[in-house]
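Q:
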Amino acid sequence: RAYEDLTAADIGSWFTDPAKAVVLDIKGFFNRSEMLLAGFDYWRL
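Following this line, the structure appears as structure tokens:
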């Protein structure tokens, strides 16, 4: 549950270039539309 309050902007701050970031969402926790709108390459298992 530590990730529950994270936004796409929070996750983007972890990367030097968020436009090249790839997010792998193993548990399907994050909102797909929000991640794609933030410009991430987003994959959900």
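Just so we're aligned, residue 96 is where the sequence shown starts under our numbering, counting upward by one. Glycine included, C-beta positions come from ideal geometry on N, C-alpha and C. What you are looking at is a predicted structure, and each value in this text was computed from that prediction instead of being measured.
Count the other CB atoms within 10 Å of the CB of Ala114; is the residue buried (16 or more) or exposed (fewer)?
A: Reading the sequence shown from its first residue, position 19 is the one you call residue 114. Burial call: exposed.
Q: Go through its chain and collect everything with a Cβ distance to Ile106's Cβ below 7 Å, but skip five positions before and after it.
A: Position 11 of the sequence shown, counting from 1, holds the residue named residue 106. Cβ within range, chain order: Val118.
Q: Check each candidate in Leu140, Lys122, Ala116, Ile121 and name the one with the smallest Cα separation from Leu132.
A: Working through the sequence shown from its first residue, we reach residue 132 at position 37. For the residues Leu140, Lys122, Ala116, Ile121, the minimum Cα distance to Leu132 belongs to Ala116.
Q: Counting C-beta neighbours from all protein chains within 10 Å, is the total for Tyr137 16 or more, i.e. buried, or is it exposed?
A: For the purposes of this step, residue 137 is taken as the residue at position 42 of the sequence shown. Burial call: buried.
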